[in-house]
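Student: I'd like to ask some things about the structure below.
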Amino acid sequence: MDDKILTLLQKNMGNVEEKMRNHQVQLKQKEYFLLLAGETGSGKSSLVNLILGEELLPYSVLSTTSTICELKYGRKRKIVAHFKDKDPETGLATKVLSLVENPEESASEQGYLQQISPFVHVKSDREKGSIYKKIELFWPHQLLERGVVIIDSPGIGESEIMDEIVTQYLPQAFAFIYVINSANAGGVQKDRLEKLLEEVRKVTLEGQGEFSPKCALFVCNKWDQVPEKEIKEVKNHVVMKLTKYWPGLVPKSQIIHMSSKNASTAQNHGIITEEFSALMSGMRSMVLKSIEARLEIHWKWLDYFLSRMIYQAKAFVMNASRDQDKVVEKMALILLRLYVIEKQQTEVMADLHNYLKDRVDGAMQKLSEYLKSDDVRARFTSWTLDEVPKAESSWEVTKSNIAKALGSRLREIIEHWEEDNQVFSHARESLLQHFQERYNFVEGQLRNLQGAVTNDDLNLPESDPSTESFSTAEKIVIGVTSPIWVPLTLVALVIGAQWLA
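Using the UniProt record's numbering, the first residue of the sequence shown is number 1, and each one after it goes up by one.
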């Protein structure tokens, strides 16, 4: 590729050679990371045990004691523990432990659960979490043999440290299962699901990966604890919440209602429940969709890369064949227009920031006034015996449950207020509409200016604000990358034409 064309492409797209190598590596990747996320206590580990048909992962009451666990295929059962620092005994970064095969055949041997538990479960939060960064568990299973790697993650929204660990896996994950605690008033905790969705958006914006809405499965676990007379109402509630917070959701194929406890009991008797069968079918479908989505990401990037390369080459050739006086004259016009657009852009950004601040301040003022009301005070201080957390065996667990109960109550109060008043929803819609109006004006000018580079007409088109409606994702991506790169590319194209003359 011509060095000048490559330089211009890199101004637009970054280091294209490095990105091309990354795409090649990803295409050759044979492992498919399936991230298992959800609230603490939703039964994520129980679900993994059910899928693999073996009691492997223990249940931890305290979210801060969780250790992320990667389940991979291996003919021999073993654990590879990765230390945060080093093994205090050997000084090595990892520790390998071969699991005793068929422990049930010997009364003196520990079961698989007992052998694995010390690595993924910490007895007290006084130990400041686990000494392990992650645990790799190698296990002979048909699903894992096909390249699927199951990531059993800590609970979302309980600890910032744990959330950070979970989000590190998002760029690698081809899909994920979000487990919902159906016994907890429908289970869809808005702040936690939104937090995960926000991290997914960040990963997409930073170019580390891209999720298809179809590559997610929502499992409403502990369904056996939902009273029969409330099943329909809870189902509708879950669908309404998930549809709102997960755009593109197909409820019929992406929401599974089940009890991992009942399914496990049935499995022990050689019975596959209808719900468990639906889960496995959903996982198979998700794997196929994710493979298609991964290929689509690569060809979209390649298509964009080729289209930019054609545009740059066309601009070079056309400007090189033009009269140089006209090229210089056009360059002067483009530079002048760029100066005007850049000035307008600064004004637009300042206007958007002020508009955002006004809407946020207004919404927060209304929320603050509501939280000080007698109604909130009464709801926050009134508890039934069933709602009060029970005293546990240790103060750490009891304190953790109290904090969760208080946080849950406050969250419910705010969510109900927002559902009734739609204050933040209206503020968001108003901001998006204002953004689109102001942004489309500048974007329309830039598009016209970019087209002028390859046009024979010396006169540059006047500003023609685009009426095209951008998706939220497009707005965010364009807002993050900033249109400043477009003027730089345009200037380079016109100046570059003189190099070829």
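Every residue, glycine too, gets a C-beta built ideally from N, C-alpha and C.
On a predicted model such as this, the values are computed, not experimentally measured, just so you know.
If you run the structure through DSSP and keep just helix, strand and coil, what is Asp-125?
Tutor: Low confidence applies here, because Asp-125 scores a pLDDT of 48, under 50, leaving its location unreliable and the question unanswered by this model.
Student: How many Å lie between Asn-22 and Lys-300 at the Cα?
Tutor: Answer to the nearest angstrom: the Cα atoms are 14 Å apart.
Student: Any chance the region 226 to 241 sits against the region 260 to 275, with 3 or more Cβ pairs inside 8 Å?
Tutor: As far as the Cβ criterion goes, the region 226 to 241 does not touch the region 260 to 275, which means the pair count is below three.
Student: So the candidates are Asn-236, Ser-430, Lys-222; which of them puts its Cα closest to the Cα of Asn-262?
Tutor: Ranking the options by Cα distance to Asn-262, first place goes to Lys-222.
Student: In three-state DSSP terms, what is Asn-440?
Tutor: Looking at Asn-440 - three-state DSSP - the assignment turns out to be helix.
Student: Rank Arg-337, Glu-292, Lys-28, Leu-97 by C-alpha distance to the C-alpha of Gln-450 and give the top, closest one.
Tutor: Comparing Cα positions, the closest option is Arg-337.
Student: Using the Cα positions of Lys-30 and Gly-147, report the straight-line distance between them to the nearest angstrom.
Tutor: Going by the C-alpha atoms only, they are around 6 Å apart.
Student: Taking the alpha-carbon of Glu-429 as reference, which of Ala-175, His-82, Arg-359 has the nearest alpha-carbon?
Tutor: Among Ala-175, His-82, Arg-359, the Cα nearest to that of Glu-429 is on Arg-359.
Student: In three-state DSSP terms, what is Asp-152?
Tutor: Asp-152 falls in the strand class under three-state DSSP.
Student: Assign Ala-315 to buried or exposed, taking buried as 16 or more other Cβ atoms, counted over all protein chains shown, within 10 Å of its Cβ.
Tutor: So Ala-315 counts as buried.
Student: Please report the straight-line C-alpha distance between Asp-464 and Ala-332, rounded to a whole angstrom.
Tutor: For Asp-464, the predicted structure reports a pLDDT of 42, less than 50, and the residue's modelled location is therefore unreliable. The matter cannot be settled from this model.
Student: Return helix, strand or coil for Leu-196, following the three-state DSSP convention.
Tutor: Correct three-state label for Leu-196: helix.
Student: Terminal residues of the continuous alpha helix (DSSP H) containing Ala-263?
Tutor: Unbroken alpha helix (DSSP H) run through Ala-263: 260 to 268.
Student: Give every residue of the same chain whose Cβ lies closer than 7 Å to the Cβ of Leu-366, excluding the five residues on either side of it in the sequence, and list them in chain order.
Tutor: This sequence places Lys at residue 366; Leu is not what is there. Answer for Lys-366: Val-423, listed in chain order.
Student: Return helix, strand or coil for Trp-139, following the three-state DSSP convention.
Tutor: In the structure shown, Trp-139 sits in a strand (DSSP, three-state: E or B).
Student: Thinking C-alpha only, which one of His-298, Asn-455, Glu-101 is nearest Ser-321?
Tutor: Closest option to Ser-321, Cα to Cα, is Asn-455.
Student: Out of Thr-346, Gly-38, Leu-371, which has the shortest C-alpha to C-alpha gap to Ile-414?
Tutor: It is Leu-371.
Student: Identify which residue in Thr-7, Val-25, Glu-419 has its Cα closest to the Cα of His-237.
Tutor: The option with the nearest alpha carbon to His-237 is Glu-419.
Student: If you reduce the DSSP assignment to three classes, tell me which class Ser-98 lands in.
Tutor: Residue state, collapsed to three classes: strand.
Student: Drop a sphere of 10 angstroms on the beta-carbon of Ser-400, count the other beta-carbons inside from all chains shown, and report buried for 16 or more, exposed for fewer.
Tutor: By the neighbour-count rule (16 or more Cβ atoms within 10 Å), Ser-400 is buried.
Student: Roughly how many whole angstroms lie between the Cα atoms of Phe-174 and Val-287?
Tutor: If you take the alpha carbons of Phe-174 and Val-287, they lie about 8 Å apart.
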